[in-house]
Structures are given as C-alpha cells and as structure tokens.
Amino acid sequence: MKPTTLKGRSLLNWKDWTPEEIRFLLELSHSVKKDLRTGDIHQRFRGKSIALLFEKRSTRTRCAFETAFGEEGGHPVFLSTQDIQLGSKESVEDTARVLGRMFSAIEFRGFRQETVEILARESGVPVYNGLTDDYHPTQVLADIMTLEESFGKSEGKNLCFVGDGRNNVARSLIIICAKLGVNCTIITPAELSTDKGLLDEAAVWAAESGAKISVTDKLDAVAGADALYTDVWVSMGEEAKRDKRIALLSPYQINRELMSKCGNDSAIFLHCLPAVKEEEVTTEVIEGPMSRVWDQAENRKHTIKAIMLATI
Ligand code: CP
Ligand code: NVA
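Counting from 85, one number per residue, gives the positions in the sequence shown under our numbering.
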C-alpha cells in the first residue's frame, strides 16, 4: 500500500480502517522506532503545526504527540480547557473551523466521542482521538505493536483483557483485534460486560480475519493466554463510582496466581498506564519479568508518529 492513500484521514476509532491500512501503520511504527534508535533523523513535519486539545489529563498521549511531532521538525501547540473555549463560550463546530485554518492536524482527548467527531467533520484536517469515554484507538495500536515485538506477530495470539469490559481501552482492543485476527477475550463481571452492539459489529470483522472475540466473567478463561492486559478500575470522569468498582473488580486483580493460570511461561503482562498498583495489578507482576508496560508506553510515541506521518 502507498502511504499517500491515507493522507487526510482522521482516526476516531478503528471501525472505518481496513486491516491492510492498520498493518501499514504497524510496519511504519516499527520502522520509525528503528530510525530513532539508529539516529536516522527526518524533518517531515517542518513548517507544520498540530493542535493538541486536552479536556482530561495525560502523560503518555500528550508527550507522545509532542515529542513525535517535534522530532520531525513540527510545532505542537497544547491547548487545555483552561486555555480555549471548547464547547463552553464557543461551539465545538466554530472551534474546529478556526483550528482547521491554522493547523495541519488536531488531536483531541476528552469526554464525548461526539466532540472528536465534530472536530473531524468541521475542521477539514486530520483529527486523532487521543481518548474519549468510548474509545482509545492510538493506545491499542501501541499494544498490538508490543505484542508483535514480544512474539514476532500478533495474528493468532491470545490476548485477555481483565477488568472493566465497557471502558475505552477494552472496547478499542475488541475492534483492533477483530480486524487483525488477534483472539481477544474480555474477562469482566456481568455488570461491566461490553455492549452487545459493539460485539455484533466485531463479529463481522472477526469472521473476515479469523479472530475469536468473546466476553466472560470466568477467570479460568485466561488459560492459554499469551498476554494478560488490564487498565484502571475507575476511568477518568467516573471517580464517583470508585467504591462500587472496587467491590466488583477486586476478584479480577492480575497477580502471580492469575498469570500462572495462563499455563504459558512466555505469557506477558500489558497495561496502558497509569496503573494503580495493588488494585488492578500487583506490584510484583507489573515490576516483574513478564511485564512489557514500559515498551508499551514507549510504543505510544512510535505508533502516534506513524499515524501522523501517514495521514498529514
Ligand atoms: N495510556 C495513556 O493514555 O496514558 P496517558 O493518560 O498518560 O496519556
Ligand atoms: N480507561 C482509562 C484509560 C487511561 C489511559 C481512562 O479512561 O481513564
């Protein structure tokens, strides 16, 4: 596939991306990582700027966008809700139209998926979803890259997400795994089960790719897993639900015993971070030899650079 094919595209979730397009981004991600290691410098964003809009906090996503864009000679501009009138005094539509006249691309992290969709529709430039309540698409590209680094390939591998099955990370994993032929089991209490609408959509992509996608409340389903993945039990914006979540999810902590239930000595541990150690994962596991979380965090930058290089 020619890189030019993707110019101008937005990434709102992976639903409208073909497996071939996603694989192209993964290859580019591995290649930009290698270039950075060997000091092969490019200036492909020279003379360009990107607006980074954040309603919610971020370490990895913000730093990945800023450093990836800056390393290529571009100028990233960070704009929080303390800085601009996003949807309060000025509509999202008007903000999008103005930013689209000044920037080559826009990243948005915040609450409503609808906001990032309006930005994409009205700005006329590529827009990237840096996390909403519903999806976290840039995260899961880095997760698949990390699987590929660990096992040489991701297709046919067994990934188990253990935790809040309705959250943005779980929902995005389902989509990308279904598209790429990665088997994905969501292990979550029935109350937090992934919505049927998304599972029905995923079934169509999985039928094409051969992926097995399932949701269960049974921890025994980790048997045969190549990777156990978890995320915080309380996502940003859900702080009021904290006590209920802890009660529901405490049996679903990833610890040494659960890792050993995979029955696979080469099974790895993944977490999008930030982690609350001793809640969703024990310190022993996240700091232990199976943990790939720091590679996974670094890969956010390479995958985000690849997404921007392909689309700007
Ligand atoms: N994983 C992730 O999105 O991290 P940040 O919230 O720090 O951006
Ligand atoms: N589900 C988490 C992901 C953080 C990267 C949240 O939305 O807070």
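We put the beta carbon where it would ideally sit given N, CA and C, even for glycine. Since this is a predicted model, take the numbers as computed values, not measurements.
Per the contact definition of three or more C-beta pairs closer than 8 angstroms, is the segment 349 to 362 in contact with the segment 190 to 203? no
For Thr216, which residues of its own chain have a beta-carbon under 7 angstroms away from its beta-carbon, when the five flanking residues on both sides are left out? Gly194, Phe195, Arg196, Gln197, Val200 and Asn252
Can you grab the Cα-Cα spacing for the pair Ile190 / Asp304, in whole Å? 42 angstroms
Mind checking whether Asp310 and Gly247 have CB atoms under 8 angstroms apart? no
Have a look at Asp301, Ile134 and Arg205 and flag the residue whose alpha-carbon is nearest the alpha-carbon of Met186. Ile134
Can you determine whether any heavy atom of the ligand NVA sits closer than 7 angstroms to the C-beta of Ser256, and answer yes or no? no
Using the beta-carbon count (16 or more within 10 Å), is Ala291 buried or exposed? exposed
By a C-beta neighbour count over all protein chains shown, 10 Å radius and 16 as the cutoff for buried, is Thr89 buried or exposed? exposed
So for Ala311, helix, strand or coil by DSSP? strand
Return the residue from the list Ser256, Ala287, Ala148 and Thr230 that minimises the CA-CA distance to Val377. Thr230
Return the residue from the list Leu283, Leu393, Gln223 and Lys263 that minimises the CA-CA distance to Leu357. Gln223
Proximity below 8 angstroms, CB of Val306 to CB of Leu257: no
Excluding sequence positions up to five away, which residues of its chain have a Cβ less than 6 angstroms from the Cβ of Gly208? Gly184
In whole angstroms, what is the alpha-carbon distance linking Pro221 and Asn97? 5 angstroms
Where Thr122 falls, given that 16 or more other Cβ within 10 Å makes a residue buried: exposed
Determine the direct distance from the alpha carbon of Lys296 to that of Asp284, and round the result to whole angstroms. 13 angstroms
Quick check: Asn348 and Gly308, are their CB atoms within less than 8 angstroms of each other? yes
For His159, which residues does DSSP report across the bridge? Ser133
Going by the beta-carbon positions, is the gap between Gln161 and Leu136 smaller than 8 angstroms? Per the sequence shown, residue 161 should be read as Val rather than Gln. Against a cut-off of 8 angstroms, the Cβ pair of Leu136 and Val161 comes out as a contact.
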